[in-house]
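Q: So that we are looking at the same thing, I have put the structure below in structure tokens.
2 protein chains.
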Amino acid sequence: MLDFSDIHLNNKDPVYIQISHYVKRQILLKKAVSGDELPSRRELAALLNINPNTVQKAYKLMEQEGFVITHGNQGSFIWVNDCIYSKIEDELTRGMVAEFVKSAKEINLPFKRVIELITELWDE
Amino acid sequence: MLDFSDIHLNNKDPVYIQISHYVKRQILLKKAVSGDELPSRRELAALLNINPNTVQKAYKLMEQEGFVITHGNQGSFIWVNDCIYSKIEDELTRGMVAEFVKSAKEINLPFKRVIELITELWDE
DNA sequence: ACTGGTGTATTATACCACTAATACACGAGA
DNA sequence: TCTCGTGTATTAGTGGTATAATACACCAGT
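Protein sequence lines, in the order shown, are assigned to chains A and B. Using our numbering, you'd call the opening residue of the first sequence number 4 and step up by one each time. Using our numbering, you'd call the opening residue of the second sequence number 4 and step up by one each time.
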């Protein structure tokens, strides 16, 4: 059963997006693999103190994104093939880095300075 | 008169935030300095094809953040002291990098890999 | 069979951020 | 004085998000 006990919800992004993003991270970290079962809608809702419909929205989104399957009322499961995994990996790594690079260039931050700042801020 | 002709509005972030962010970038790039006049609310609204109130909200935000002043109906002007400048610089550099570092760590991206990705994505 | 938990769907409501529409008072300039 | 553009304030509309209350069909376990 996939563990949601260490998810931390902020109050900035939509909850259902955060749930999806959390599961993607778990997949990337190999903490979630094909076959792993997700909690039931109502169960996760109770755990996170949110409405079951919000969980349903998250699960539906993850189904559409292709890494969660649900059959009948037998619960929902993680399901990732190589293609989906690559997509997730790309979004969470290259995608994120690319956005950052774009922001850095917008303010004319030179490459060297970027490396400096990351090095400086990495450990703290 | 501060130039907004090369601002590019996305449809993800609130417009008034984007305007404020754009002005901050201009300040950081020394393209906007104390005394520079901003277009009137209606003028900028017309230029960007948005509602004057959205511009008003942006200007008000920038006043509150401390780098824009307005007296009566004599227009709005850039006004930055060292303190404000440092704040903007920090937000747009260290602040941005810190957020990125946080995201990278969330998915266990090692420092080395981060540098690799940035190097790879810097030129394209 | 009955019960309880499941996924799913529908409808309604509330809330908030954002944007839009409008009106108002002020002051410079012709 | 009249006009026009200014900043400002108020109100209304819109869309997305979250919640709530149900309802339904399905299946497993008792």
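Backbone N, C-alpha and C define an ideal beta-carbon position, used for all residues, glycine too.
#1: Grab me the residues of asparagine 71/B's own chain with a C-beta within less than 8 angstroms of its C-beta, minus the 5 sequence neighbours each way, in chain order.
#2: Can you pull the chain B residues whose beta carbon is under 7 angstroms from the beta carbon of alanine 35/A, in chain order?
#3: Suppose you measure from the CA of aspartate 93/A to the CA of glutamate 68/B; what does that come to, to the nearest Å?
#4: Leaving out the 5 sequence neighbours to the left and right, which residues in its chain are closer than 7 angstroms to leucine 31/A when beta-carbon positions are compared?
#5: How about valine 100/B and isoleucine 121/A: do their beta carbons lie closer than 9 angstroms?
#6: Span of the beta strand (DSSP E) holding serine 37/B?
#7: Can you tell me the Cβ-Cβ gap for phenylalanine 114/A and tryptophan 125/B, rounded? I've got them flagged as a contact below 8 angstroms.
#8: Can you give me the C-alpha to C-alpha distance between glycine 98/A and isoleucine 53/A, rounded to a whole angstrom?
#9: Quick check: isoleucine 22/A and isoleucine 10/A, are their CB atoms within less than 9 angstroms of each other?
#10: Taking only beta-carbon atoms, is glutamate 109/B less than 9 angstroms away from chain A?
#11: Would you mind telling me which residues of chain A sit closer than 7 angstroms to alanine 101/B, beta carbon to beta carbon, in chain order?
#12: Please tell me whether leucine 64/A has its Cβ less than 9 angstroms away from any Cβ of chain B.
#13: For leucine 31/B, which residues in chain A fall below 9 angstroms Cβ to Cβ?
#14: Since valine 71/A is in the alpha helix (DSSP H), which residue starts that stretch and which ends it?
#15: Would phenylalanine 70/A count as contacting chain B if we go by Cβ distances under 9 angstroms?
#16: Three-state secondary structure (DSSP) at phenylalanine 80/A?
#17: Using a C-beta to C-beta distance shorter than 9 angstroms, which residues of chain A count as neighbours of isoleucine 121/B?
#18: In chain B, which residues lie with their C-beta within 7 angstroms of the C-beta of leucine 95/A?
#19: In whole angstroms, what separates the C-alpha of serine 37/B from that of leucine 47/B?
#20: Taking buried to mean at least 16 other C-beta atoms within 10 Å of its own C-beta, is glutamine 77/B buried or exposed?
#21: Quick one: residues in its chain with C-beta nearer than 6 angstroms to the C-beta of threonine 57/A, no 5 flanking neighbours on either side, listed in chain order?
#22: Return the first residue and the last residue of the alpha helix (DSSP H) that phenylalanine 103/A is part of.
A: The short version:
#1: As written in the sequence, residue 71/B is valine, which differs from the asparagine given in the question. Val26, Leu41, Tyr62, Met65, Ser79, Phe80, Ile81 and Trp82, listed in sequence order.
#2: Per Cβ cutoff of 7 angstroms: no residues; alanine 35/A is ~13 angstroms from chain B at best.
#3: Rounded to whole angstroms, the separation of the alpha carbons of glutamate 68/B and aspartate 93/A is 36 angstroms.
#4: Excluding sequence neighbours, leucine 31/A sits near Ile91, Glu92 and Leu95.
#5: Judged by beta-carbon spacing, isoleucine 121/A lies within the 9 angstroms limit of valine 100/B, meaning their Cβ atoms are closer than that value.
#6: Premise fails: serine 37/B is in no beta strand (DSSP E) and is neither H nor E.
#7: About 6 angstroms separates the two Cβ atoms, so the contact holds.
#8: 29 angstroms
#9: yes
#10: yes
#11: The contacting residues are Leu124.
#12: Any Cβ of chain B closer than 9 angstroms to the Cβ of leucine 64/A would place that residue at the interface, and such an atom is absent.
#13: Ile110 and Asn111
#14: It is not in any alpha helix (DSSP H) - valine 71/A instead sits in the beta strand (DSSP E) that spans 71–73.
#15: Judged by the 9 angstroms Cβ criterion, phenylalanine 70/A is not in contact with chain B.
#16: strand
#17: Val100, Phe103, Val104, Ala107, Phe114, Val117, Ile118 and Ile121
#18: Ile110
#19: 19 angstroms
#20: exposed
#21: Val18 and Tyr19
#22: Under the DSSP assignment, phenylalanine 103/A falls in the alpha helix (DSSP H) whose first and last residues are 99–109.
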